[in-house]
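Report on one structure; see the data block that follows.
2 protein chains.
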Amino acid sequence: VLPGAPAGEVFFGDDAAVLARPGGSPLLLATDCVVEGVHFDRRWSSLADVGWKVLSANVSDVAAMGGDAVAAVVAVAGAGTGELEQLYEGLGEASAHYGCPVVGGDLSAGAELVVSVAILGTSPLHAPVLRSGARPGDALFVTGALGRSAAGLRLLRNDPARSGELEAAHRRPVARLAEGRVAAAAGATAMIDVSDGLGLDLDRLAIASGVGLSIERVPVASGATLDEALGGGEDYELVFAVPEGARLIAAFAAAGLAPPIAIGRCDAEPSLRRLGDATLPVSGFEHQLRNDERARADTA
Amino acid sequence: VLPGAPAGEVFFGDDAAVLARPGGSPLLLATDCVVEGVHFDRRWSSLADVGWKVLSANVSDVAAMGGDAVAAVVAVAGAGTGELEQLYEGLGEASAHYGCPVVGGDLSAGAELVVSVAILGTSPLHAPVLRSGARPGDALFVTGALGRSAAGLRLLRNDPARSGELEAAHRRPVARLAEGRVAAAAGATAMIDVSDGLGLDLDRLAIASGVGLSIERVPVASGATLDEALGGGEDYELVFAVPEGARLIAAFAAAGLAPPIAIGRCDAEPSLRRLGDATLPVSGFEHQLRNDERARADTA
Numbered sequence: 093v094l095p096g097a098p099a100g101e102v103f104f105g106d107d108a109a110v111l112a113r114p115g116g117s118p119l120l121l122a123t124d125c126v127v128e129g130v131h132f133d134r135r136w137s138s139l140a141d142v143g144w145k146v147l148s149a150n151v152s153d154v155a156a157m158g159g160d161a162v163a164a165v166v167a168v169a170g171a172g173t174g175e176l177e178q179l180y181e182g183l184g185e186a187s188a189h190y191g192c193p194v195v196g197g198d199l200s201a202g203a204e205l206v207v208s209v210a211i212l213g214t215s216p217l218h219a220p221v222l223r224s225g226a227r228p229g230d231a232l233f234v235t236g237a238l239g240r241s242a243a244g245l246r247l248l249r250n251d252p253a254r255s256g257e258l259e260a261a262h263r264r265p266v267a268r269l270a271e272g273r274v275a276a277a278a279g280a281t282a283m284i285d286v287s288d289g290l291g292l293d294l295d296r297l298a299i300a301s302g303v304g305l306s307i308e309r310v311p312v313a314s315g316a317t318l319d320e321a322l323g324g325g326e327d328y329e330l331v332f333a334v335p336e337g338a339r340l341i342a343a344f345a346a347a348g349l350a351p352p353i354a355i356g357r358c359d360a361e362p363s364l365r366r367l368g369d370a371t372l373p374v375s376g377f378e379h380q381l382r383n384d385e386r387a388r389a390d391t392a
Numbered sequence: 093v094l095p096g097a098p099a100g101e102v103f104f105g106d107d108a109a110v111l112a113r114p115g116g117s118p119l120l121l122a123t124d125c126v127v128e129g130v131h132f133d134r135r136w137s138s139l140a141d142v143g144w145k146v147l148s149a150n151v152s153d154v155a156a157m158g159g160d161a162v163a164a165v166v167a168v169a170g171a172g173t174g175e176l177e178q179l180y181e182g183l184g185e186a187s188a189h190y191g192c193p194v195v196g197g198d199l200s201a202g203a204e205l206v207v208s209v210a211i212l213g214t215s216p217l218h219a220p221v222l223r224s225g226a227r228p229g230d231a232l233f234v235t236g237a238l239g240r241s242a243a244g245l246r247l248l249r250n251d252p253a254r255s256g257e258l259e260a261a262h263r264r265p266v267a268r269l270a271e272g273r274v275a276a277a278a279g280a281t282a283m284i285d286v287s288d289g290l291g292l293d294l295d296r297l298a299i300a301s302g303v304g305l306s307i308e309r310v311p312v313a314s315g316a317t318l319d320e321a322l323g324g325g326e327d328y329e330l331v332f333a334v335p336e337g338a339r340l341i342a343a344f345a346a347a348g349l350a351p352p353i354a355i356g357r358c359d360a361e362p363s364l365r366r367l368g369d370a371t372l373p374v375s376g377f378e379h380q381l382r383n384d385e386r387a388r389a390d391t392a
């Protein structure tokens with residue numbers, strides 16, 4: 093129904109839309125919403141956690157373009173008395189963490205709690221890094237070990253009061269804003285955030301770029317399983333392709349960031365999905381708590 | 093919880109947030125969501141109507157700053173099979189009408205349909221017109237007769253199949269983008285859109301500006317009542333204050349727009365709320381279909 097993007101812009105299909113500004117830096121625009129019972133469960137996530145997480149998911153979309161977060165707006169439906177304050181407590185903490193002010197909002201009655209955030213970003217120093225720029229031979233890196241959020245969720249299902257590191261990763265994931273900028277500056281050709289699971293998100297990058305995937309290793313977070321690392325979502329680590337791994341590693345070190353982890357390479361055969369000697373599973377995170385109603389799709 | 097805006101920017105409290113861009117035009121950012129049973133009723137509004145209306149409400153927020161609509165993103169929770177297509181049909185029509193592309197979205201399961209739109213705008217030729225700039229003596233104008241949406245809703249409650257002009261105004265209101273730009277260029281000192289009723293929205297403008305209101309006439313749309321014109325919401329006409337009415341009228345004529353309607357003046361006494369010889373009622377639109385759950389508030 094909708095017309096496509098003009099040259100130099102991106103509508104849908106990437107982590108954020110890219111809008112050209114005459115004489116200025118390109119702008120980034122994205123939205124991510126969370127729904128009670130689908131994306132969060134109040135047994136183990138406070139509404140402050142929910143506020144933190146939904147802003148982080150949006151910031152992650154900007155991070156995955158190599159961008160800066162400029163500002164966010166928040167629409168809330170179905171918040172009960174006093175709940176808005178808790179939600180805004182977490183939004184405010186995330187806002188301060190990312191340097192991304194929450195600048196406006198809307199509020200409505202509703203039968204269930206739905207929090208929709210939209211984020212504006214910019215890319216002042218380089219072109220936004222799309223999903224589609226990876227080339228055969230590019231090295232693939234991820235910014236950290238995976239499966240932490242899914243492992244935390246597993247532990248919280250058994251004991252909602254737990255508060256270890258994995259549980260914190262589920263309740264309050266941290267978007268990799270600095271890592272995205274450094275990867276972009278160091279020549280990343282394609283980038284995506286791991287919001288729905290490494291397998292699925294790598295598959296999206298490969299399809300967009302027209303390359304295959306030859307994955308040699310998957311960094312599994314301590315306490316997580318390989319399945320959680322491959323198929324768990326909401327880690328918000330960044331995956332990117334880069335022609336020169338050495339330059340990238342040096343750039344991360346120079347910026348004081350944890351070393352990115354090499355996981356494999358892009359292949360010239362677009363259908364290749366290899367993990368070691370096996371096939372890379374490309375199914376995604378079971379978004380969720382209410383599987384019978386799954387209808388989630390990421391479009392930007 | 094949230095820090096305030098730096099000098100030259102506006103967070104919350106106006107129709108849209110204003111963000112300064114070094115070396116570029118200020119940006120505008122706003123969000124408006126609609127919830128089934130609160131903002132729309134499927135007995136008389138199709139999902140295409142809902143899509144049109146929610147994008148229009150967002151465009152109206154940009155129009156009320158005198159801005160241009162640049163792009164919008166849409167988060168949808170709770171859409172059933174096939175419903176997304178209908179929603180996007182109306183979003184696409186409104187997008188084409190306003191020249192405001194829908195550039196990204198998110199989709200989630202959910203128990204009820206919630207559509208959250210966020211809009212990015214810009215104000216390339218002049219400073220954004222806030223609610224707070226009106227001065228005593230400024231003339232107040234509105235871009236059109238009021239009460240059409242509320243009258244249409246009244247008629248549709250009796251006969252959901254009706255399709256006259258008032259019903260169309262309820263189902264598919266039109267944001268006054270061109271009017272907002274011309275008013276801004278012609279020196280409007282304060283502006284707001286009539287989303288919650290003339291009385292309430294004028295009151296907001298008066299409070300933000302620190303002026304009183306002396307209203308001489310309320311333009312009532314044909315078929316609407318005075319109450320509907322004063323307290324009905326969702327007309328999306330613009331109200332603005334301007335020191336020189338003649339210049340404004342000439343600018344509207346030169347742009348080929350319908351003449352703005354003079355309704356009164358701003359007064360030096362901030363507490364004044366006069367309508368003719370009576371008191372201006374400043375209660376707002378009963379938002380709406382589910383009055384027992386009213387919790388809506390407009391924050392940007």
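Residue numbers (our numbering), protein chains in the order written: chain U, 93 to 392; chain H, 93 to 392. Built from N, CA and C at the ideal position, the CB exists for glycine as well. Owing to the predicted nature of the structure, the values given are computational and were not obtained by experimental measurement.
At a CB-CB cut-off below 7 Å, which residues of chain U make contact with V334(H)? Those do not exist, as V334(H) stays about 25 Å from chain U at its closest Cβ, beyond 7 Å.
Kindly examine the ligand PLP and report whether one of its heavy atoms sits closer than 7 Å to the Cβ of Q178(U). Looking for the ligand PLP in the displayed structure turns up nothing, as the structure carries no ligands at all.
Run through the DSSP bridge pairs and tell me what F233(H) is partnered with. F332(H) and A354(H)
Exposed or buried, what is A360(H) when buried is set at 16 or more other beta-carbons lying within 10 Å of its beta-carbon? exposed
If the cut is a Cβ gap below 7 Å, which residues of chain U does S208(H) touch? C125, A167 and S208
Taking the alpha carbon of L269(H) as the point to measure from, which residue in S200(H), F344(H) and G229(H) has its own alpha carbon closest? F344(H)
Three-pair Cβ contact test at 8 Å for the region 179 to 187 of chain H versus the region 210 to 218 of chain H: no
Within chain H, partners of P193(U) - CB distance below 8 Å: L94, P95, A97 and F103
Could you please give the first and the last residue of the uninterrupted alpha helix (DSSP H) stretch that includes R263(U)? E257 to R263
Within 8 Å, strictly: CB atoms of V207(U) and V146(U): yes
Just checking: is the beta-carbon of L217(U) within a distance shorter than 8 Å of some beta-carbon in chain H? no
Does DSSP put L121(H) in a helix, in a strand, or in coil? strand
Answer yes or no: does any C-beta atom of chain U fall closer than 8 Å to that of L137(H)? Checking the displayed sequence, the identity of residue 137(H) turns out to be Ser instead of Leu. Not an interface residue.
Note down, in chain order, each residue of its chain lying with its Cβ closer than 8 Å to the Cβ of P351(U), except the 5 sequence neighbours on either side. I341, F344 and A345
Anyone know if the C-beta pair for D327(H) and S241(H) falls short of 8 Å? yes
Threshold first: 4 residues or longer. Then list the alpha helix (DSSP H) segments lying entirely within the region 248 to 332 of chain U, N to C. 257 to 263, 269 to 277, 290 to 301 and 318 to 323
Taking its Cβ as the centre, do 16 or more other Cβ atoms sit within 10 Å of R264(U), making it buried, or is it exposed? buried
Which partner residues of D153(U) appear in the DSSP bridge assignment? Its beta-bridge partners do not exist; DSSP assigns none.
Would you give the residue range spanned by the beta strand (DSSP E) that G213(H) belongs to? V206 to T214
Cβ of E329(U) within 8 Å of Cβ of L238(U)? yes
Excluding the 5 residues flanking G64(U) on each side, which residues of the same chain have their C-beta closer than 6 Å to its C-beta? Chain U is shown from 93 up to 392; residue 64(U) falls before or after that span and cannot be answered.
The beta strand (DSSP E) spanning S447(U) covers which residue range? A question about residue 447(U) goes unanswered here, because the residues of chain U that appear run from 93 up to 392.
Using only the alpha-carbon positions, how far apart do T391(H) and D153(H) sit? Confidence at T391(H) is low in this model, with a pLDDT of 42, below 50, so the placement of that residue should be treated as unreliable; the coordinate-derived value is given next. If I take the Cα positions, the gap works out to 11 Å.
Taking 8 Å as the CB-CB limit, is S187(U) close to chain H? yes
Within the same chain, show all residues whose beta-carbon is closer than 7 Å to that of L322(U), passing over the 5 residues directly before and after it, in chain order. G289, L290, G291, V310 and P373
Where does G244(H) fall in DSSP's three states? helix
R113(U): contacting residues in chain H (beta-carbon distance under 7 Å): G116
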